[in-house]
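K.L.:
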Amino acid sequence: LSSSPPVLFVTQEWYFVFLQHRHLQSRQCCSNSHAHTHPYLKSMSGSGGRVKPLYDVLIAGGGVTGSALANRLMTANVIGGDKKIGIIDAAAKVSPSLKSSNIPNPRAYALSPSSLRTLGRSVFDKLRREEKLGVYESMQVWESDGPGMLMFHSDDIQDLVGSGNDFDGMDLSHMLGAVVEDQAIVRALHESLESEYSENIDFIRGAKVTQVKSPSSTSDHSDDDFVRVVYKEEGNNTENEISTRLLVAADGGNSFVRNALEIDTMSFDYKRKAIICTIRVDDVQGNASNTAFQRFFPNGPIALLPTHNDEYANIVWSTTHEEASRLMDHNETSAERFVEELNSSLQAGPCLSLPLLTKEM
836 LSSSPPVLFV TQEWYFVFLQ HRHLQSRQCC SNSHAHTHPY LKSMSGSGGR
886 VKPLYDVLIA GGGVTGSALA NRLMTANVIG GDKKIGIIDA AAKVSPSLKS
936 SNIPNPRAYA LSPSSLRTLG RSVFDKLRRE EKLGVYESMQ VWESDGPGML
986 MFHSDDIQDL VGSGNDFDGM DLSHMLGAVV EDQAIVRALH ESLESEYSEN
1036 IDFIRGAKVT QVKSPSSTSD HSDDDFVRVV YKEEGNNTEN EISTRLLVAA
1086 DGGNSFVRNA LEIDTMSFDY KRKAIICTIR VDDVQGNASN TAFQRFFPNG
1136 PIALLPTHND EYANIVWSTT HEEASRLMDH NETSAERFVE ELNSSLQAGP
1186 CLSLPLLTKE M
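Letter by letter, the sequence shown follows residues 836 to 1196 in this note's numbering.
1) In whole angstroms, what is the alpha-carbon distance linking residue 866 and residue 889?
2) Check each candidate in 1105, 1007, 1137 and name the one with the smallest Cα separation from residue 963.
3) Residue 1107 and residue 1168 look like a contact to me (Cβ under 8 Å); what is the Cβ gap, rounded to whole Å?
4) Whole angstroms is fine: what's the gap from residue 868's alpha carbon to residue 967's?
5) Determine the direct distance from the alpha carbon of residue 1019 to that of residue 1074, and round the result to whole angstroms.
6) Can you grab the Cα-Cα spacing for the pair residue 1178 / residue 915, in whole Å?
7) Can you confirm whether the region 1083-1091 touches the region 896-915 when touching is taken to mean that 3 or more C-beta pairs between the two stretches lie within less than 8 Å?
8) Under the three-state reduction of DSSP, which class applies to residue 1099: helix, strand or coil?
9) Can you check DSSP and say which residues form a bridge with residue 978?
10) Please classify residue 909: is it buried, with 16 or more other beta-carbons within 10 angstroms of its beta-carbon, or exposed?
11) Would you mind stating whether residue 1113 and residue 1066 have Cβ atoms separated by less than 8 Å?
12) Check residue 1166 in the structure and name its three-state DSSP category.
13) Grab the span of the beta strand (DSSP E) containing residue 1149 for me, first residue to last.
14) Am I right that residue 893 and residue 1045 are in contact with their C-beta atoms under 8 Å? What's the rounded C-beta distance?
15) Span of the alpha helix (DSSP H) holding residue 899?
16) Taking its Cβ as the centre, do 16 or more other Cβ atoms sit within 10 Å of residue 1036, making it buried, or is it exposed?
17) So, helix, strand or coil for residue 1061, using DSSP?
18) Using a threshold of 8 Å, state whether the C-beta atoms of residue 912 and residue 1027 are closer than that.
19) In terms of residues, what are the limits of the alpha helix (DSSP H) holding residue 1021?
20) On the three-state DSSP scale, how would you describe residue 1110?
21) Please identify the residue among 961, 1022, 1068 whose C-alpha is closest to the C-alpha of residue 1005.
22) Quick check on residue 914: does DSSP put it in helix, strand or coil?
23) Could you tell me the distance, in whole angstroms, from the CA atom of residue 950 to the CA atom of residue 1081?
24) Which of the three DSSP states, helix, strand or coil, is assigned to residue 1179?
25) Would you call residue 931 buried or exposed, if buried means 16 or more other Cβ atoms sit within 10 Å of its Cβ?
26) Pull up the distance between the alpha-carbon of residue 945 and that of residue 1064, whole angstroms please.
27) Assign residue 1094 to one of two classes, buried (16 or more other C-beta atoms within 10 Å of its C-beta) or exposed (fewer than that).
28) Using the three-state DSSP reduction, which class does residue 953 fall into: helix, strand or coil?
29) Please determine, among 926, 1159, 919, the residue with the shortest C-alpha to C-alpha distance to residue 1136.
30) DSSP on residue 937, reduced to helix/strand/coil?
As structure tokens, this is what we get:
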């Protein structure tokens, strides 16, 4: 087990909320003021003659979801020319590269080749250069109480990923998928956006949204015709207001934007929790580094996923609240005991079922 104890992790939910300006193509309200009057490209006059920045798209949340959306808007040429995207990011700065870190972070995602393609070649290349791709070529899936077992291989999806498997210069031919840490994806996305699309992207770092003002339903070509967002920067109580034609809420499962606008959602309680952790593996058969394993139990599945370091793997153990509490109680379950239970769960079986007939009639 890694030096950090396993921690409970509730699967993050992402909500997108769109508030759209009624005249998306109209630019009559935009003044000719540029960076000389405000650090943002476009501006609009507010009440009292104040100048407020105006974005075509404003994304609340600079994590994987918000950053990936901004990146996709750029790479797909949805946003270009003089259009602007603003990203309000609660983090004051991007985390530094952790290439020298030997122990992978358990907060990671298993991405398919199509998802890697969506991130784009620039982001993919950054992740590969930093050696942050935990590539797996195959996946083994089996149950706890039967002999059945499924094996998937990257060869099985070649017809789906396309001829030659060359996605915009990205060679994905050997991949069924890749496990990538959350912070590695965010860092690669931010660096790509800032280096390649600096004219179209503004990061507002260390800031949190404090108020959202919906567009007016009666006004025409006025301040109230846009979504107005108020935010505060870390360590500064001054409120700043910006406007946007389109607001995207990508600020997490407990989204402030969603709650502020009282937008209803539908959710289901599966009455399960997931324990995630990083473990050291003794790969005596030499296949753990390129294979993802998933075994299903009555209380939920256990997944063992490869990482960018062949000596380690990530665990996602989904189970009931009661069993999760027991496994996380260090007085009842030590790290050594946790590993013993994990090994027992993953290594016992599958076995052959008892014969239906014990003798010929």
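Here a beta-carbon is modelled for each residue, glycine too, at the ideal position from N, C-alpha and C.
Please read these numbers as outputs of a predicted model, since none were measured by experiment.
P.N.:
Reading it off the structure:
1) For the purposes of this step, residue 866 is identified with residue 31 of the sequence shown, where counting begins at 1. For the purposes of this step, residue 889 is identified with residue 54 of the sequence shown, where counting begins at 1. Bear in mind that the predicted position of residue 866 carries a pLDDT of just 30, short of 50, making it too unreliable to give a figure here.
2) In the sequence shown, counting from the first residue as 1, residue 963 sits at position 128. Ranked by Cα distance from residue 963, the options 1105, 1007, 1137 are led by 1007.
3) The residue given as residue 1107 occupies position 272 in the sequence shown. The residue given as residue 1168 occupies position 333 in the sequence shown. Rounded, the Cβ-Cβ distance is 18 Å, inconsistent with contact.
4) The count along the sequence shown starts at 1 and reaches residue 868 at position 33. The count along the sequence shown starts at 1 and reaches residue 967 at position 132. With a pLDDT of 29 at residue 868, under the threshold of 50, the modelled position of that residue is not reliable, and no figure is offered here.
5) In the sequence shown, the residue the question calls residue 1074 occupies position 239. In the sequence shown, the residue the question calls residue 1019 occupies position 184. C-alpha separation (whole angstroms): 31 Å.
6) Stepping through the sequence shown from its first residue, residue 1178 is reached at position 343. Stepping through the sequence shown from its first residue, residue 915 is reached at position 80. About 52 Å.
7) As far as the Cβ criterion goes, the region 896-915 touches the region 1083-1091, which means the pair count is three or higher.
8) Along the sequence shown, read from residue 1 onward, the residue named residue 1099 stands at position 264. Coil at residue 1099, not helix or strand.
9) For the purposes of this step, residue 978 is taken as the residue at position 143 of the sequence shown. Answer by DSSP bridge pairing, in chain order: 1131.
10) Here the question's residue 909 lines up with position 74 in the sequence shown. Buried, since its Cβ has 16 or more Cβ neighbours within 10 Å.
11) Reading the sequence shown from its first residue, position 278 is the one you call residue 1113. Reading the sequence shown from its first residue, position 231 is the one you call residue 1066. No. Outside cutoff.
12) The sequence position of residue 1166 within the sequence shown is 331, counting from 1. DSSP places residue 1166 in coil when its eight states are reduced to three.
13) By 1-based counting over the sequence shown, the position of residue 1149 is 314. Looking at the DSSP string, the run of the beta strand (DSSP E) that includes residue 1149 is 1147-1154.
14) The residue labelled residue 893 in the question sits at position 58 within the sequence shown. The residue labelled residue 1045 in the question sits at position 210 within the sequence shown. About 14 Å; that fails the 8 Å criterion.
15) Along the sequence shown, read from residue 1 onward, the residue named residue 899 stands at position 64. Where residue 899 is concerned, the enclosing alpha helix (DSSP H) stretches over 899-910.
16) Walking along the sequence shown from the start, residue 1036 turns up at place 201. Buried, because 16 or more other Cβ atoms sit within 10 Å of the Cβ of residue 1036.
17) Looking up residue 1061 in the sequence shown gives position 226. If DSSP states are grouped into helix, strand and coil, residue 1061 belongs with coil.
18) Position 77 of the sequence shown, counting from 1, holds the residue named residue 912. Position 192 of the sequence shown, counting from 1, holds the residue named residue 1027. No.
19) Numbered from its first residue, the sequence shown carries residue 1021 at position 186. Looking at the DSSP string, the run of the alpha helix (DSSP H) that includes residue 1021 is 1017-1031.
20) For this step, residue 1110 is matched to residue 275 along the sequence shown. Of the three classes helix, strand and coil, the one that applies to residue 1110 here is strand, per DSSP.
21) Within the sequence shown, numbered from 1, the residue matching residue 1005 stands at position 170. Measuring from the Cα of residue 1005, the nearest candidate turns out to be 961.
22) Working through the sequence shown from its first residue, we reach residue 914 at position 79. Coil, per DSSP.
23) Numbered from 1 along the sequence shown, position 115 holds the residue referred to as residue 950. Numbered from 1 along the sequence shown, position 246 holds the residue referred to as residue 1081. Looking at the two C-alpha atoms, the distance is approximately 25 Å.
24) For the purposes of this step, residue 1179 is identified with residue 344 of the sequence shown, where counting begins at 1. Three-state DSSP puts residue 1179 in a helix.
25) If you number the sequence shown from 1, residue 931 lands on position 96. Looking at its Cβ environment, which holds fewer than 16 other Cβ atoms inside 10 Å, residue 931 is exposed.
26) Counting from one through the sequence shown, the residue named residue 945 turns up at place 110. Counting from one through the sequence shown, the residue named residue 1064 turns up at place 229. So the two alpha carbons sit approximately 34 Å from each other.
27) In the sequence shown, the residue the question calls residue 1094 occupies position 259. So residue 1094 counts as exposed.
28) Taking the first residue of the sequence shown as position 1, residue 953 is located at position 118. Residue 953 falls in the helix class under three-state DSSP.
29) Reading the sequence shown from its first residue, position 301 is the one you call residue 1136. Cα-wise, what sits closest to residue 1136 is 1159.
30) Along the sequence shown, one-based indexing puts residue 937 at 102. Coil at residue 937, not helix or strand.
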